[in-house]
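For reference, the structure discussed in these notes is given below.
2 protein chains.
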Amino acid sequence: MVDAGKRPPSGTAVALLAGVSQKTVSRVFNNEPSVTEETRTRVLAAAQQLGYRPNGAARALLTGRHDRIGVVSLSTAHYGPSSLLVALERAARRANYSLIVANSFDDDASGIKAAVDNLLVQGVDAIILSEPIDDGEAPITVDVPVLTLGGAPSVQAPTVLSMPAAEGGAAATEVTRHLLALGHRTVHHIAGPQRWWAARERQRSWHEALTATNAAVPQALTGDWTPRSGYELGRELARDPDVTAIFAANDDMAIGAIHALHEAGRQVPGDVSVAGFDDIPLAAHVTPPLTTVSTDNAELAENGLHYLTAFLADPDHVPAAPQTHQHRIIVRNSTGPPPT
Amino acid sequence: MVDAGKRPPSGTAVALLAGVSQKTVSRVFNNEPSVTEETRTRVLAAAQQLGYRPNGAARALLTGRHDRIGVVSLSTAHYGPSSLLVALERAARRANYSLIVANSFDDDASGIKAAVDNLLVQGVDAIILSEPIDDGEAPITVDVPVLTLGGAPSVQAPTVLSMPAAEGGAAATEVTRHLLALGHRTVHHIAGPQRWWAARERQRSWHEALTATNAAVPQALTGDWTPRSGYELGRELARDPDVTAIFAANDDMAIGAIHALHEAGRQVPGDVSVAGFDDIPLAAHVTPPLTTVSTDNAELAENGLHYLTAFLADPDHVPAAPQTHQHRIIVRNSTGPPPT
DNA sequence: CCCCACGATGACTACGTAGTCGCTATGTCT
DNA sequence: AGACATAGCGACTACGTAGTCATCGTGGGG
């Protein structure tokens, strides 16, 4: 005997009590046909009485399926990843999957590879990379399908599904254009940590929008997503009288920057326009209400998970990658024409 | 044969390649003594070559341990629960546990019970109730230890550990006292959804602080944690000229309320003082910077998880419940004396 | 110089589930 | 009425791992 403590009741115990075979108990719990209604109720009664629950580990060992999906994320403390994770969990539950999370923290030496290894030992049917990471490490070898939300990751897997990567791209371009259209000569950028694909993508699109209109491209400043970093970088920008428009890679940094600008006596949007990204719930309620980009993480999660589970259910008939979700620019009062 | 697809390599395959027995492979991967350095390296080389990873399901089936902890939460979209979850995952990883999350959404009929069942079928060594829920349902029967962060849940389990429930209590009292000390006759309250223990606890403490000083106890308004609900309730409060101080159960609602007050032409803190709860990173950067309560979720998670894993490792020598974490009231500019 | 202790390893087994196949009883069709 | 399909169920087995115990070889003490 391996375990001295009392184990939960097994299907065999239920079978014994119900006067049937273990196999019949299995049939009942898997809703297989060919079971009399009468035996079914008898088995269920016995199971109820013993408090029986099927043992997922045994099932997984036998079938190779875990009904579990691993998610690798980069610290879900921020609003974007966090809301995405919640949406994923909700969608997964609906598809009868559980979610197991592995974060890779910035301050944590053990990188993505450790997180992935962890998931694989636990047993997952697939892995979702919520942020295609580019640590510059050697590609990670994985033996389950991988779904990546965004750009292509450096992963070697039997199958790599990918949600269309339009993500921030189009929207960041649009925000920049919006500011230029208001009359700003150029737009400054507070970027996110370059380790994040979303940060790189937004910066790239900003850059593109500027060069497309022959606007000068100022040096981008790099924050860490926190309002504090936005505040600090905002103080730098506040010193430069040429700065009239700022696009921050997320709302938190945008609000931090506005704080710094106010402190320096510069009006928003009178003197400087500021736009963010994410449309956090607070964005509409800060002063001034923030122009930003609304990302439909719920839809992204829903589509991505549906895509993935469809593939898992039938690898031969993979549906087309779902259409990119919509990003909408939300113009509020933090952006306006430059001072004359 | 059950599964037609190719399965990942097993320990037996590694053993075959390394010219040892499966048991020796097991020994190597569990760092058992009594293995020659030479065989160890040979086994590891073979494992590396085949891309072998131990099968967690098989191990769990045999040993009854999963190295996995389930977390039941009420929608981790909000800052409090979300940051707590991240901290839990970090602490769990350090203790060599994985985290598996099950949310119970407000708009979701399947309640806590479904979430817990889910976790138990998946297989977990323990369950953490990050919010002791009181759905008024019959107590849930669980066959693994339960750790609850906060008040006692209606759960029947072999062991129920509980982190000291001082949580919001003392701090909410302190905030209310702070406002009274500034000279306010009473303090209005925007509460959170009553399904959440934290919401009830904060409301209770607010109530207590008022009655303790014989202040009038206004009817509490109940929001849903979102800034929007704070805004809407704030509009109601803004109409009442007697309202000079508001304590909102979280920062988001506080900021929403400030928005409504500003819109109604009432100055904060000149006309009305507003305090929040959580000390979200944005709290210091909104206008005006928010007086709030800083909760050390990282410490709570760390202590709670350590407490739990210590118990799992040796149920006979349970350490004392860790000391309640510190809550600090952070006074910023959103609170001040009432208008004269 | 023999016996024994001990280190290193292998054979065997159980964990709980679901696939496969075989058996029995009950129709059903000709 | 006899051959045969079919529904309902059970016996047997494999999945990959780690506990238990047996086995082999080697070095040291009597």
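Taken in order, these protein sequences are the chains called Y and V.
Mapping of the first sequence onto the numbering used here: residues 11 to 350, in sequence order.
Mapping of the second sequence onto the numbering used here: residues 11 to 350, in sequence order.
Note that the Cβ used here is the ideal one computed from N, Cα and C, for glycine as well.
From a predicted model like this one, the values you see are computed outputs, not experimental measurements.
Original post:
If you follow the alpha helix (DSSP H) that Arg52 (chain V) is part of, which residue opens it and which one closes it?
Top reply: Residue numbering aside, residue 52 (chain V) sits at position 42 when the second sequence is read from its first letter. It spans Glu47 to Leu60 - the alpha helix (DSSP H) in which Arg52 (chain V) sits, taken as one unbroken run.
**OP:** Over the uninterrupted beta strand (DSSP E) stretch that includes Leu192 (chain Y), give me the two end residues.
**Re:** The residue labelled residue 192 (chain Y) in the question sits at position 182 within the first sequence. Per DSSP, Leu192 (chain Y) belongs to no beta strand (DSSP E) and is neither H nor E.
**OP:** Let me know if Asn405 (chain V) comes out buried or exposed under the rule of 16 or more other beta-carbons within 10 Å of its beta-carbon.
**Re:** The structure shown has nothing for residue 405 (chain V), since chain V only spans 11 to 350.
**OP:** Keeping to the same chain, check which residues put their C-beta closer than 8 Å to that of Arg75 (chain V); ignore five residues upstream and five downstream.
**Re:** To locate residue 75 (chain V), count along the second sequence from 1; it is residue 65. Counting only Cβ-Cβ distances below 8 Å, and skipping sequence neighbours, we find Arg69 and Asp135.
Subject >> Interface residues of chain Y facing Asn128 (chain V) [CB-CB closer than 8 Å] >> reply: On the second sequence, residue 128 (chain V) is found 118 positions in, with the first residue counted as 1. By Cβ distance, chain Y contributes Arg103 and Ser108.
Original post:
Looking at C-alpha atoms only, which residue of Y:Leu95, Y:Ser85, Y:Thr183 and Y:Trp235 is the closest neighbour of Leu310 (chain Y)?
Top reply: Start at 1 with the first residue of the first sequence, and residue 310 (chain Y) comes out as number 300. Nearest option by C-alpha distance: Y:Leu95.
Subject >> One or two residues paired with Asn65 (chain V) in a DSSP bridge >> reply: Translated into positions along the second sequence, residue 65 (chain V) becomes position 55. In the DSSP secondary-structure assignment, Asn65 (chain V) is not bridged to any residue.
**OP:** Assign Gly346 (chain Y) to buried or exposed, taking buried as 16 or more other Cβ atoms, counted over all protein chains shown, within 10 Å of its Cβ.
**Re:** Position 336 of the first sequence, counted from the first residue, corresponds to residue 346 (chain Y). Result: buried.
**OP:** Give, in chain order, every residue of the stretch 223-247 of chain Y whose Cβ lies closer than 8 Å to some Cβ of chain V.
**Re:** If the cut-off is 8 Å between Cβ atoms, the stretch 223-247 of chain Y has Thr236, Pro237, Arg238, Gly240 and Tyr241 near chain V.
**OP:** Decide yes or no for the touch test of the stretch 205-213 of chain Y against the stretch 238-248 of chain Y: beta carbon pairs closer than 8 Å, at least 3 of them.
**Re:** Short answer: they don't touch.
Subject >> Interface residues of the stretch 265-283 of chain V facing chain Y [CB-CB below 7 Å] >> reply: Cβ contacts with chain Y: Ile265, Gly266, His269 and His272.
Subject >> Cβ pair Ala259 (chain Y), Arg212 (chain Y) closer than 7 Å >> reply: Working through the first sequence from its first residue, we reach residue 259 (chain Y) at position 249. Working through the first sequence from its first residue, we reach residue 212 (chain Y) at position 202. Closer than 7 Å, so yes.
Original post:
Residue range of the beta strand (DSSP E) that Val284 (chain Y) falls in?
Top reply: Here residue 284 (chain Y) refers to the residue found at position 274 when the first sequence is read from its first residue. Note, Val284 (chain Y): beta strand (DSSP E), Ser283 to Ala285.
Original post:
Arg249 (chain Y) CB to nearest chain V CB: under 7 Å?
Top reply: The residue labelled residue 249 (chain Y) in the question sits at position 239 within the first sequence. False, the Cβ-Cβ gap to chain V never drops below 7 Å.
**OP:** Flag Val12 (chain Y) as yes if its beta-carbon sits less than 7 Å from any beta-carbon of chain V, otherwise no.
**Re:** Here residue 12 (chain Y) corresponds to residue number 2 of the first sequence, with the count starting at 1. Below a pLDDT of 50, predicted positions are generally treated as unreliable, and Val12 (chain Y), at 33, falls in that range; no measurement from the model is reported.
Original post:
Is Thr22 (chain Y) helix, strand or coil by DSSP?
Top reply: Here residue 22 (chain Y) is taken as the residue at index 12 of the first sequence, counted from 1. The answer is helix: DSSP assigns Thr22 (chain Y) an H, G or I state.
Original post:
Apart from the five residues just before and just after Ala191 (chain Y), which ones in its own chain have a Cβ nearer than 7 Å to its Cβ?
Top reply: Reading the first sequence from its first residue, position 181 is the one you call residue 191 (chain Y). No residues qualify anywhere along the chain.
**OP:** Ignore the nearest five residues each way along the sequence and tell me which others in Ile110 (chain V)'s own chain have a CB closer than 8 Å to its CB.
**Re:** Numbered from 1 along the second sequence, position 100 holds the residue referred to as residue 110 (chain V). Only Arg78, Ile79, Gly80, Val81, Leu129, Gln132 and Val134 meet the Cβ criterion.
**OP:** Can you grab the Cα-Cα spacing for the pair Val12 (chain V) / Thr73 (chain Y), in whole Å?
**Re:** Reading the second sequence from its first residue, position 2 is the one you call residue 12 (chain V). Reading the first sequence from its first residue, position 63 is the one you call residue 73 (chain Y). Low confidence applies here, because Val12 (chain V) scores a pLDDT of 34, under 50, leaving its location unreliable; read the following figure in that light. Distance between the alpha carbons of Val12 (chain V) and Thr73 (chain Y): 6 Å.
Original post:
So which of V:Val45, V:Ala293, V:Arg50 and V:His194 has the shortest CA-CA distance to Pro237 (chain Y)?
Top reply: Mapped onto the first sequence, residue 237 (chain Y) falls at position 227. Checked all of V:Val45, V:Ala293, V:Arg50 and V:His194; the closest Cα to Pro237 (chain Y) is V:Ala293.
**OP:** Measure the alpha-carbon distance for Arg273 (chain V) versus Thr350 (chain V) and round it to whole angstroms.
**Re:** Within the second sequence, numbered from 1, the residue matching residue 273 (chain V) stands at position 263. Within the second sequence, numbered from 1, the residue matching residue 350 (chain V) stands at position 340. With the sequence shown as reference, residue 273 (chain V) is identified as Glu, and Arg is not the correct amino acid for it. Distance between the alpha carbons of Glu273 (chain V) and Thr350 (chain V): 22 Å.
Original post:
So what's Val111 (chain Y) in DSSP terms, helix, strand or just coil?
Top reply: Position 101 of the first sequence holds residue 111 (chain Y). When DSSP states are grouped into helix, strand and coil, Val111 (chain Y) belongs to the strand group.
Subject >> Contacting residues, own chain, Cβ-Cβ under 8 Å from Ala14 (chain Y) (five flanking each side not counted) >> reply: Within the first sequence, numbered from 1, the residue matching residue 14 (chain Y) stands at position 4. In this prediction, Ala14 (chain Y) has a pLDDT of 37, which is less than 50 and means its spatial position is unreliable; nothing more can be read from the coordinates.
Original post:
By how many angstroms is the C-alpha of Gly314 (chain V) removed from the C-alpha of Ala201 (chain Y)?
Top reply: Position 191 of the first sequence, counted from the start, is the residue given in the question as residue 201 (chain Y). Position 304 of the second sequence, counted from the start, is the residue given in the question as residue 314 (chain V). Those two C-alpha atoms are separated by around 36 Å.
**OP:** Compare the C-beta of His217 (chain V) against all C-beta atoms of chain Y and say whether one is closer than 7 Å.
**Re:** On the second sequence, position 207 is the one that residue 217 (chain V) refers to. No, because no Cβ of chain Y sits closer than 7 Å to the Cβ of His217 (chain V).
**OP:** Would you mind telling me which residues of chain Y sit closer than 7 Å to His295 (chain V), beta carbon to beta carbon, in chain order?
**Re:** Within the second sequence, numbered from 1, the residue matching residue 295 (chain V) stands at position 285. Chain Y residues near His295 (chain V): Pro237, Tyr241, Ile265, Gly266 and His269.
**OP:** Could you spell out the range, first to last residue, of the alpha helix (DSSP H) harbouring Ala209 (chain V)?
**Re:** Taking the second sequence and counting its residues from 1, one reaches residue 209 (chain V) at position 199. Where Ala209 (chain V) is concerned, the enclosing alpha helix (DSSP H) stretches over Trp207 to Ala222.
**OP:** Output the residue ranges of the beta strand (DSSP E) runs that lie fully inside the stretch 258-333 of chain Y and measure 3 residues or longer, sorted by chain position.
**Re:** 283-285 and 302-305
Original post:
Does the Cβ of Pro19 (chain Y) have 16 or more other Cβ atoms within 10 Å, making it buried, or fewer, making it exposed?
Top reply: By 1-based counting over the first sequence, the position of residue 19 (chain Y) is 9. With 16 or more Cβ atoms within 10 Å of its Cβ, Pro19 (chain Y) is classed as buried.
Subject >> Interface partners of Pro64 (chain V) on chain Y, CB under 8 Å >> reply: Taking the second sequence and counting its residues from 1, the one referred to as residue 64 (chain V) is at position 54. Within chain Y, the residues near Pro64 (chain V) are Val131.
Original post:
So, is the C-beta of Asp153 (chain Y) closer than 7 Å to a C-beta in chain V?
Top reply: In the first sequence, the residue the question calls residue 153 (chain Y) occupies position 143. Yes, Asp153 (chain Y) lies at the interface with chain V (some Cβ there is under 7 Å from its Cβ).
**OP:** Would you check if the stretch 21-28 of chain Y and the stretch 44-63 of chain Y touch, i.e. whether three or more CB-CB distances between them fall below 8 Å?
**Re:** With the cut-off at 8 Å, the stretch 44-63 of chain Y and the stretch 21-28 of chain Y touch.
Original post:
Can you tell me whether DSSP reads Leu159 (chain Y) as helix, strand or coil?
Top reply: As a position in the first sequence, residue 159 (chain Y) is number 149, starting the count at 1. The answer is strand: DSSP assigns Leu159 (chain Y) an E or B state.
**OP:** Report yes if the CB atom of Ser140 (chain Y) is closer than 7 Å to the CB atom of Ser93 (chain Y), and no otherwise.
**Re:** Sequence index remark: in the first sequence, residue 140 (chain Y) carries index 130 (1-based). Sequence index remark: in the first sequence, residue 93 (chain Y) carries index 83 (1-based). Against a cut-off of 7 Å, the Cβ pair of Ser93 (chain Y) and Ser140 (chain Y) comes out as no contact.
**OP:** Could you check which residue in Y:Ala180, Y:Ala112 and Y:His199 has the C-alpha nearest to that of Ala248 (chain Y)?
**Re:** Walking along the first sequence from the start, residue 248 (chain Y) turns up at place 238. Among Y:Ala180, Y:Ala112 and Y:His199, the Cα nearest to that of Ala248 (chain Y) belongs to Y:His199.
Subject >> Inter-residue spacing [alpha-carbon to alpha-carbon] between Ser108 (chain V) and Thr319 (chain V) >> reply: Residue numbering aside, residue 108 (chain V) sits at position 98 when the second sequence is read from its first letter. Residue numbering aside, residue 319 (chain V) sits at position 309 when the second sequence is read from its first letter. Approximately 12 Å between the Cα atoms of the pair.
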